[in-house]
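Below you'll find the structure, written out as C-alpha cells, and then a few comments.
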Amino acid sequence: MPYKALPTTDLYFLGSMGDLVSGVVRRAQVTRIGDNSFRVGSRYLVVRRDRDEVVDRILSDQAAEIIYLIDDDLSAADDPSLPEGYRERLAALKAGQYRKLLDRAALVVASSDKVAAGLSTKADIRTLHPYWAGTLRTGKHLTAKAGPLDLVHLGTGSHGAGFDFLKPVIESLLAGGADIRFHYYGNEPRLGALDDDPRIVRHGLKSWRRYKAALGRRHFHLGLYPLPDTPFNAGRSINKILEYTLAGCPAIYSADWGRARDLVHGENAFLAEDTVEAWGQAVRDIVAERDRLPAVYEGAAAHYRRFNDRDAQRLFWLETLVGGNL
Numbered sequence: 019m020p021y022k023a024l025p026t027t028d029l030y031f032l033g034s035m036g037d038l039v040s041g042v043v044r045r046a047q048v049t050r051i052g053d054n055s056f057r058v059g060s061r062y063l064v065v066r067r068d069r070d071e072v073v074d075r076i077l078s079d080q081a082a083e084i085i086y087l088i089d090d091d092l093s094a095a096d097d098p099s100l101p102e103g104y105r106e107r108l109a110a111l112k113a114g115q116y117r118k119l120l121d122r123a124a125l126v127v128a129s130s131d132k133v134a135a136g137l138s139t140k141a142d143i144r145t146l147h148p149y150w151a152g153t154l155r156t157g158k159h160l161t162a163k164a165g166p167l168d169l170v171h172l173g174t175g176s177h178g179a180g181f182d183f184l185k186p187v188i189e190s191l192l193a194g195g196a197d198i199r200f201h202y203y204g205n206e207p208r209l210g211a212l213d214d215d216p217r218i219v220r221h222g223l224k225s226w227r228r229y230k231a232a233l234g235r236r237h238f239h240l241g242l243y244p245l246p247d248t249p250f251n252a253g254r255s256i257n258k259i260l261e262y263t264l265a266g267c268p269a270i271y272s273a274d275w276g277r278a279r280d281l282v283h284g285e286n287a288f289l290a291e292d293t294v295e296a297w298g299q300a301v302r303d304i305v306a307e308r309d310r311l312p313a314v315y316e317g318a319a320a321h322y323r324r325f326n327d328r329d330a331q332r333l334f335w336l337e338t339l340v341g342g343n344l
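Following my numbering, the numbering of the sequence shown begins with 19 at its first residue and continues without gaps.
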C-alpha cells in the first residue's frame, strides 16, 4: 500500500530526510512504518497522526522512545472561528492519538513557541521550522507595469477567520474599481455574489504533490494573509510566510503577527492593522506604487533563505532520531 504523507510530514521531516528513509534508498537509516510514522531501532517518530493500528503498535512497544511532532495548538482546538468540521477533527485528534502520544513521548516537537506553550506533557519540548523544497522565482513577473494586480490568499480550511476578514476587503476594492484580480483555493464558491465577478478566480483544491508543483508556476503579484486575533491563529508557524515567497510574491500580513516573526513593512513584507479599511488602503497603495514589489520580494526571498534551512532541520533529526540522545 503506498504511503500518503500529510503535508506536515513532508515539510517537517521528509523534505530534509527523505533520502535516508526506506523506500527511497536501499541502505536506509530510517524505516517507514506508516503514512506519518518512522522508526530507527527502538526510537519512533510520529508526525501529527497516523492510522490507529500503526500508533497502537508503537504504543504497545514498551521499549519505545517516542518523538511526537505537532503543528497546531490543540489547546485552542475549540476556537469558534474555526469551521465546525475542522473543530470536530481537531477534537477527535486531541482526545485520541494526541493525548496518548503526549503521555508516552520522550520528546515533543512543536511548530511554534505558542504551540509548545500549550502542550501538557512531561516530555522535553523543542521547536522546529518547516522546510520547503523548491526553487525561488526570479520575481521578473513583478516588474510588469500594466495589467491587473493578481492577489492571492493561500489559506485553506483552518484559515476561515482570515478568509471571512478578506471578503469585505475584496468587495470594497472591486466596488472601487481597483485594478486587481483575486485568487483563492477551494472546491466550493465562498464569496457569494462576488464569485460571479470575472475578477475573482477560484482554483480547485489539488493533491499536496500537485499543489506544490503548481505553486511555483503561478504569476501572483501579492499575497494576502490576515490573521485576526483568535486563540488558534496565535499558534501559527512561519509556514505561510515561506509558502507565499515560494509562490513568487511578497505578501501583506497582520501587523502584530508579522512584526513578531521578523517581518518589516516595506522591506520584506507589507504589514497592515487588522481593519478592513487598513487592508483595503494597503492594497490600493501597492496598486498605485507597484514598482515597490520587486524590492520587497527580494527582501522576502532573503527572509526565506534565512528560515527555510534544510541543513538545520536535517541536523535536528540526525541528532534526535537517527543518533545521539533524546
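Ideal placement from N, C-alpha and C gives every residue a C-beta, glycine not left out.
Could you please give me the residues that DSSP links to residue i through a beta bridge?
i	result
A128	I88 and T145
A269	G241
H171	Y202
T49	R57
E83	R61
V39	V48
Apart from the five residues just before and just after residue i, which ones in its own chain have a Cβ nearer than 6 Å to its Cβ?
i	result
N205	G222 and L223
S34	Y149, R328, Q331 and R332
H321	N286
P207	D213
D68	G52, D53, N54 and S55
L120	T139
D97	T248, P249 and F250
G81	Correcting the residue identity first, residue 81 is Ala in this sequence and not Gly. So the qualifying residues of the chain are S60.
A278	none
R117	none
R144	V127
Could you spell out where the alpha helix (DSSP H) holding residue i opens and where it closes?
i	result
A110	E102 to L111
H321	L311 to F325
F181	G178 to A193
F334	R328 to W335
K258	N257 to L264
R122	R117 to R122
K230	W226 to L233
R75	D70 to L77
Taking its Cβ as the centre, do 16 or more other Cβ atoms sit within 10 Å of residue i, making it buried, or is it exposed?
i	result
G103	exposed
D131	exposed
G273	Correcting the residue identity first, residue 273 is Ala in this sequence and not Gly. It counts as buried.
A135	exposed
R155	buried
S371	Not covered by the structure: residue 371. The range shown for the chain is 19 to 344.
A110	exposed
T153	exposed
E261	buried
S255	buried
D89	buried
E83	buried
S225	exposed
R66	buried
R235	exposed
S99	buried
D91	buried
G194	exposed
S78	exposed
A141	buried
R308	buried
Which stretch, first to last residue, makes up the beta strand (DSSP E) that contains residue i?
i	result
A95	First-last for A95: undefined, no H or E at that position.
I218	I218 to H221
Once the 5 residues before and after residue i are set aside, which same chain residues still bring their CB inside 7 Å of it?
i	result
F46	Note on identity: in this sequence residue 46 is Ala, with Phe being the wrong assignment. The answer, listed in chain order, is L38, V39 and S40.
Y315	G157, L160, C267 and P268
P244	G180, F183, L184, S272, D292 and W297
I218	F200, L209 and L212
P186	V294
D197	P166, L167 and V305
A151	G33
D215	L192
Spatial neighbours of residue i within its chain, please: CB distance less than 8 Å, with the 5 preceding and 5 following residues excluded, ordered by chain position.
i	result
L281	I259, Y271, A287, L289 and H321
K22	D53
I7	In the structure as shown, the chain begins at 19 and stops at 344. Residue 7 is therefore absent and cannot be evaluated.
At a cut-off of 6 Å, would you count residue i as near the ligand ATP, judging by its Cβ distance to the nearest heavy atom?
i	result
G204	For the structure depicted, the ligand ATP is absent and the ligand set is empty, with no information on it obtainable.
With a floor of 3 residues, list each beta strand (DSSP E) that falls wholly inside the segment 272-314, ordered by position along the chain.
288-290
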